[in-house]
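Q: For reference, the structure I am asking about is given below.
Numbering (full-length UniProt numbering), first residue to last: 1 to 424.
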């Protein structure tokens, strides 16, 4: 007999089996979550407290009880009694030993690479009874500090100090301080947060330069140059009138005293809108230390401009860094990492397109970058922009050219002021 064709009502209907069923079940159980909370919350706590060894112990205890009840084995009853005693003792170890007041303080939430970051943990007994010893742990970055608080007399305090390693630029999470309850056998493990986590920003090393980068834009807020002008706001001297001088610059009081026409002479002031390009491309550097030096160079340049009230932008392959304040810049610089981004010439093109008002462009990269890449980078920057490159690496302080682009190599941050004078 031939199979009958499906009816129109069922032929186009979607199947009720498949991935839609778990989603529908989840949506159906969602309204029941508040009602099930008194049951699910203890279950979640129980699953988190019992260790794998604990589950094995409880499973073996159940098997011994079953064997003793069904088969009448006295050995099974004896084993069950021992396992039961161990389990009860383990639960006793988890009884909360409350009463401690715990706090941890960072003496300096922001430090510089190489400085000491001190963490102080204080545990106090505010009660009128002695408190038993307790084990506490505190996550510090990728590591963990473990210490035991001794018996505390009424109103007593216990303090511990820790030194945070600051060899590398980073953002380190410190805390929370956790009180740990664990039985000697390792069946149960309970933790209770005592404080909140805090962040320590380890800033890169920077250097005060004391150098004004003069741009090509004349501005009353700019830096004074040695170029003389007949119209500006920085007065320089008086000189004799020459045909063609603006009569508005005649100093009439001196003219009346000397009997000769005297005009005011000014020094030009120029403003520099600085664009710092920091390469985070791993292939541009011989090692991590060279990259750290490059980060310090870029941040030093940007901080100098911020301190002088100049306009500055700092750009990497991963995007711009905030330069509104020095603190925001340094905090953001803690997160800069090496990657596999675009080459330095493409970074230069993107930066010049995003900030065409810039008058000075400084490319900070490593000594592994190729000369052809630097030549292309200069081609992407308009001729109206002053541009040079600072490269960090193992080669000592030296100056060379990549086409028309000045390039200065340096092997440590302290050479930056000299490198700037050579580049300019």
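All C-beta atoms in this analysis are idealised placements derived from N, C-alpha and C, irrespective of residue type, glycine included.
Less than 8 Å between C-beta atoms, sequence neighbours within five positions excluded: which residues of the same chain meet that for residue 130?
A: Result list for residue 130: 151, 152, 153, 154, in chain order.
Q: Skipping 5 residues on each side, what residues in its chain have a beta carbon closer than 8 Å to that of residue 261?
A: Closer than 8 Å at Cβ, skipping near neighbours: 240, 241, 250, 255.
Q: Would you give the residue range spanned by the alpha helix (DSSP H) that residue 417 belongs to?
A: It spans 416-423 - the alpha helix (DSSP H) in which residue 417 sits, taken as one unbroken run.
Q: Can you list, in chain order, the residues of its chain with a C-beta nearer than 6 Å to that of residue 299? Leave out the 5 residues immediately preceding and following it.
A: Excluding residues within five positions, the ones whose Cβ falls inside 6 Å are 204, 206, 333.
Q: From 173, 312, 113, 89, pick the residue whose C-alpha is nearest to that of residue 141; which is it?
A: Nearest option by C-alpha distance: 173.
Q: For residue 298, name the three-state secondary structure that DSSP assigns.
A: In the structure shown, residue 298 sits in a helix (DSSP, three-state: H, G or I).
Q: Write down every uninterrupted run of the beta strand (DSSP E) in the region 126-200 whose length is 3 residues or greater and which is fully enclosed by it, in chain order.
A: Counting whole runs of 3 or more residues, the region 126-200 contains the beta strand (DSSP E) stretches 134-140, 143-149, 157-164, 170-174, 178-182, 189-193.
Q: Please name the residue, chosen from 258, 401, 381, 386, that lies closest to residue 371 on a Cα-to-Cα basis.
A: Considering only alpha carbons, the answer is 401.
Q: Note the first and the last residue of the continuous alpha helix (DSSP H) segment covering residue 326.
A: Per DSSP, residue 326 belongs to the alpha helix (DSSP H) from 326-333.
Q: Suppose the cutoff is 8 Å on Cβ atoms and the five residues either side in sequence are ignored; what does the same chain contact list for residue 198 look like?
A: Here the set comprises 104, 106, 109, 173, 174, 175.
Q: Would you call the CB atoms of residue 49 and residue 179 closer than 8 Å?
A: No, the pair does not count as a contact, with Cβ atoms beyond the cut-off.
Q: Just the C-alpha distance for residue 123 and residue 117, rounded to the nearest angstrom, thanks.
A: The alpha-carbon atoms of residue 123 and residue 117 are separated by roughly 20 Å.
Q: Can you list, in chain order, the stretches of the beta strand (DSSP E) that have 3 or more residues and sit fully within the region 326-386?
A: You should have 360-366.
Q: Among 160, 112, 353, 422, whose alpha-carbon lies nearest the alpha-carbon of residue 275?
A: When each option's Cα is compared against that of residue 275, the closest is 353.
Q: Could you tell me which of 365, 421, 388, 323 sits nearest to residue 281, measuring between CA atoms?
A: Ranking 365, 421, 388, 323 by Cα distance to residue 281 puts 365 first.
Q: How is residue 231 classed by DSSP in three states: helix, strand or coil?
A: Caution applies to residue 231, whose pLDDT of 44 falls short of 50 and renders its modelled position unreliable; the value that the coordinates give is listed next. If DSSP states are grouped into helix, strand and coil, residue 231 belongs with coil.
Q: Tell me whether residue 202 sits in a helix, a strand or coil according to DSSP, three-state version.
A: If DSSP states are grouped into helix, strand and coil, residue 202 belongs with the strands.
Q: Do residue 272 and residue 359 have their CB atoms nearer than 8 Å?
A: Result yes, Cβ atoms of residue 272 and residue 359 sit closer than 8 Å.
Q: In terms of DSSP beta bridges, what is residue 237 paired with?
A: Paired residue(s): 265.
Q: By Cβ distance, which residues of its chain are closer than 8 Å to residue 338, with the 5 residues on each side in sequence left out?
A: For residue 338, where only same-chain residues beyond five positions count, the Cβ hits under 8 Å are 280, 281, 282, 285, 288, 291.
Q: Residues in its own chain within less than 6 Å of residue 399 by CB, not counting five upstream and five downstream?
A: Excluding positions up to five away in sequence, the list reads 408, 422.
Q: Run the CB neighbour count on residue 415, radius 10 Å, all protein chains shown included, and call it buried at 16 or more, exposed below.
A: Under this definition residue 415 is a buried residue.
Q: Since residue 187 contacts residue 79 with CB under 8 Å, what's their CB separation in whole angstroms?
A: Going by Cβ atoms, the distance from residue 187 to residue 79 rounds to 16 Å, so no, they are not a contact pair.
Q: In whole angstroms, what is the alpha-carbon distance linking residue 375 and residue 369?
A: Taking the straight line from one Cα to the other gives about 11 Å.
Q: Since residue 120 is in the beta strand (DSSP E), which residue starts that stretch and which ends it?
A: 117-124 is the span of the beta strand (DSSP E), which, as asked, contains residue 120.
Q: Check each candidate in 144, 156, 95 and name the one with the smallest Cα separation from residue 162.
A: Of the listed residues, the one whose Cα sits closest to residue 162 is 144.
Q: Taking buried to mean at least 16 other C-beta atoms within 10 Å of its own C-beta, is residue 388 buried or exposed?
A: Flag for residue 388 reads buried.
Q: Measure the Cβ-Cβ separation of residue 209 and residue 420 and say whether it is below 8 Å.
A: Contact flag set, yes.
Q: Work out the CA separation of residue 361 and residue 311 for me, nearest whole Å.
A: Roughly 12 Å between the two C-alpha positions.
Q: To the nearest angstrom, report how far apart residue 403 and residue 380 are at their CA atoms.
A: Residue 403 and residue 380: Cα-Cα distance of roughly 13 Å.
Q: Do residue 314 and residue 325 have their C-beta atoms within less than 8 Å of each other?
A: No, they are not a contact pair.
Q: Excluding sequence positions up to five away, which residues of its chain have a Cβ less than 7 Å from the Cβ of residue 237?
A: These residues qualify, in order along the chain: 265.
Q: Should residue 317 go down as buried or exposed, given a rule of 16 or more other Cβ atoms within 10 Å for buried?
A: Classification of residue 317: buried, given that the 10 Å Cβ count is 16 or more.
Q: Residue range of the beta strand (DSSP E) that residue 209 falls in?
A: No beta strand (DSSP E) contains residue 209, which DSSP labels as neither H nor E.
Q: Give me the Cα-Cα distance between residue 305 and residue 166, rounded to the nearest whole angstrom.
A: Taking the straight line joining both Cα atoms gives about 27 Å.
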